[in-house]
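Numbering (our numbering), first residue to last: 39 to 423.
Just so it is clear, CB atoms sit at the ideal spot from N, CA and C, and this is done for glycine as well.
Heads up: the structure comes next, in structure tokens.
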Amino acid sequence: MKILLANAYLVTIGGSERILLEMAEHFRAGGHDVTVFASVAGPPIADLFHTRLGIAIVTDPAAIAPFAYDLVYLQHHVAGLFDYRLDAASRARTAVVFGKLGRRTFMESGGWLHDRILADGYLANSELTAERLVEVGVTAPVTVFHNAAPAAYFRPDCTAGARLTTITAVTNHSDPALMGALDILEQDYTVHRLGASQGGQRLLTPEMVAASDVVISIGKTIPYALAARVPVFVYDHFGGPGYLSAANIARAARYNFTGRCCERRLDASALAHEIVEGYPAGRAFTQTLGPTDLDRYRLEPYLDALLATAGGDNAARAAQLAADPMIAQERLLATHLHEQYRRKPPERRSQRRLRSALTCARGLVRSLKRACVRPLARLLHSFSA
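Have a look at this one:
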């Protein structure tokens with residue numbers, strides 16, 4: 039099959055970006071011809087598409103003719119960027135699926151005219167997102183895919199140690215309480231930090247998850263840890279419930295593990311204390327997870343079902359798009375967003391430089407703590423012994 043995957047931007051290693059990368063990997067492994075589009079593409083995620091799959095991301099909408107593909111998967115408001123007129127390369131039918139990864143933001147909103155005319159199906163990352171799509175009147179089938187994880191993340195048994203030693207925190211935000219808690223924890227534990235707010239981005243691999251005693255994060259990262267049966271601490275800039283348990287996992291999952299399920303906030307000291315003291319209970323819950331609890335987080339069945347989506351009649355859809363005057367308005371909006379993504383105002387560059395400097399300063403402080411505070415603590419302990 040000839041497949042198009044499209045996102046508004048493919049630069050940082052975030053949730054929507056990883057979804058497209060994992061889709062591309064699965065479809066390429068199945069022998070399909072995959073094209074990837076984004077209004078903006080750049081390192082580090084664009085480099086991963088190139089090095090892992092040999093895919094160069096297309097950034098010119100004029101180079102994309104959606105009806106020339108067998109399957110089209112679209113995230114964010116990129117549908118209005120493309121030309122849907124039929125030509126010699128057009129298929130009679132194309133399966134068009136929209137991915138919706140939230141319910142509160144404009145970029146994830148559904149019910150738009152392009153969606154209504156083109157959609158043969160939707161992928162929603164949570165039950166709440168799916169319910170929102172129904173509320174705005176979509177009629178195509180909606181599948182909740184739970185931000186599922188590739189097979190490589192799954193482990194038959196819990197690999198976390200009986201004692202907490204290694205912490206992996208994944209965040210693209212800079213929540214002060216979480217950053218402060220990690221600073222505290224680094225004095226006694228090995229803490230691995232991944233994310234844009236941590237001074238650089240790396241792809242969280244199955245091996246890194248399996249080598250962790252606890253993963254602290256929200257959203258897309260949580261199913262990776264669940265698949266590996268590693269204790270999960272849900273917390274970031276929205277707050278969160280902390281360690282997943284039998285009492286909170288259903289509600290946390292309903293809110294896509296964003297922390298919005300309770301928006302409980304702690305200060306740095308209380309957060310660090312809870313991460314340490316709650317570890318035994320968090321680990322015990324992880325060990326209770328069976329195959330039936332985790333099957334919903336297996337990515338491959340959702341992607342195989344995507345390949346089986348029945349496509350709509352392209353001639354009929356092209357006629358509808360050409361006849362409706364409001365389509366021109368949506369195209370203007372999509373083009374405006376596309377141009378905004380591609381701009382790099384000087385103030386944004388200054389903000390990035392400032393964030394980078396602050397991150398470097400935080401790293402220096404952590405290094406000094408490791409070099410000075412620990413030996414001093416041991417010295418003081420020797421005097422008090």
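For residue i, the nearest candidate out of the options (CA to CA)
i: T203; options: R381, R154, Y317; result: Y317
i: A291; options: I260, G320, T73; result: I260
i: D226; options: A310, F105, L327, Y47; result: A310
i: M39; options: V229, L119, A62; result: A62
i: A322; options: A219, I222, V252; result: V252
i: L304; options: R289, N286, P279; result: P279
i: L159; options: H115, S54, A126, Y111; result: Here the sequence assigns Gly to residue 159, which means Leu is not the residue at that position. Closest option to G159, Cα to Cα, is Y111.
i: R193; options: A366, H115, Y262, N352; result: Y262
i: V134; options: R141, T143, A117; result: A117
i: R267; options: T326, R336, T132, C196; result: C196
i: R336; options: A306, H374, S307, L264; result: L264
i: A306; options: S212, N45, A357; result: S212
i: R355; options: L223, R90, L124; result: L124
i: A427; options: R380, H376, L375, A353; result: Residue 427 lies beyond the range of the chain shown here (39 to 423); nothing can be said about it.
i: F271; options: A126, L345, G320, L48; result: G320
i: A215; options: R381, I254, I41; result: I254
i: L43; options: T73, A157, A178; result: T73
i: S283; options: A200, Q325, H374, T143; result: Q325
i: A67; options: D274, D342, Y107; result: D342
i: E173; options: D362, E377, R142; result: R142
i: D331; options: A372, A288, A366, E368; result: A288
i: F65; options: L371, L375, I93, A360; result: I93
i: D153; options: L166, S128, L119; result: L119
i: A465; options: G328, N45, L327, Y273; result: A question about residue 465 goes unanswered here, because the residues of the chain that appear run from 39 up to 423.
Close Cβ partners of residue i (< 7 angstroms) along its chain, the five nearest in sequence each way excluded
i: R56; result: K258
i: N210; result: T50, G52, G233, A234, S235
i: L171; result: K138, G148, Y160, A162, V180
i: E312; result: G280, L304
i: L86; result: L59, L241
i: L223; result: I205, V229, A310, I313
i: R380; result: S77, V78
i: E169; result: none
i: P91; result: Here residue 91 turns out to be Leu, not Pro, going by the sequence shown. So the qualifying residues of the chain are A62, E63, R66.
Beta-bridge partners of residue i, as assigned by DSSP
i: S77; result: Per DSSP, none; premise fails for S77.
i: K439; result: Outside the shown range of the chain, which is 39 to 423, sits residue 439, and nothing can be said about it.
i: I254; result: A207, F271
i: R26; result: There is no way to answer for residue 26, as the model of the chain reaches only from 39 to 423.
i: L359; result: None; L359 has no bridge partner.
i: E47; result: The sequence shown places Tyr at residue 47, rather than the Glu named in the question. BP columns for Y47 point to V78.
i: T132; result: G350
i: I57; result: Per DSSP, none; premise fails for I57.
i: D71; result: K40
i: A96; result: The sequence as given places Val at residue 96; Ala does not occur at that position. In the DSSP output, where bridge partners are listed per residue, V96 has F75.
i: V180; result: Y160
Beta-carbon proximity list for residue i, same chain, < 6 angstroms, skipping 5 on both sides
i: S164; result: N294
i: E244; result: Just to set this straight, residue 244 is Pro in the shown sequence, not Glu. Excluding positions up to five away in sequence, the list reads A190, Y191.
i: R240; result: L232
i: C398; result: At C398, the pLDDT of 46 sits below 50, so the modelled position is not reliable and the matter cannot be decided from this model.
i: G175; result: G149
i: M364; result: L151
i: R334; result: H184
i: M145; result: H114
i: D221; result: none
i: N286; result: P279
i: V96; result: F75
i: Q389; result: Low local confidence applies: a pLDDT of 39 at Q389 is under 50, so the model's placement there is unreliable, and no value is given.
i: R386; result: Here R386 scores only 39 on pLDDT, less than 50, and its place in the model is too uncertain to base an answer on.
Host beta strand (DSSP E) of residue i (start-end)
i: Q113; result: 109-113
i: N185; result: Run containing N185: none; DSSP gives neither H nor E here.
N- and C-terminal bounds of the alpha helix (DSSP H) containing residue i
i: Y262; result: 259-265
i: T221; result: For the record, residue 221 in the displayed sequence is Asp; it is not Thr. 214-223 is the span of the alpha helix (DSSP H), which, as asked, contains D221.
i: V247; result: 244-248
i: T373; result: 364-380
i: F87; result: 83-91
i: I155; result: 151-156
Contacts around residue i, its chain only, beta-carbon distance under 8 angstroms, and the 5 residues preceding and following it disregarded
i: A100; result: D121
i: Y340; result: L161, T181, F183, A186
i: F276; result: I256, T296, G297, R298, E301
i: Q358; result: I155
i: D351; result: A130, R131
i: A157; result: V134, V135, F136, V176, A178
i: G80; result: L48, V49
Closer than 6 angstroms: residue i CB and nearest the ligand FAD heavy atom
i: S283; result: Of the ligands one can find in the structure shown there are none, so the ligand FAD has no counterpart to examine.
In chain order, each alpha helix (DSSP H) run of at least 4 residues that lies wholly inside the region 269-336: DSSP runs (the alpha helix (DSSP H)) wholly in the region 269-336: 287-292, 306-315, 317-324, 329-332.
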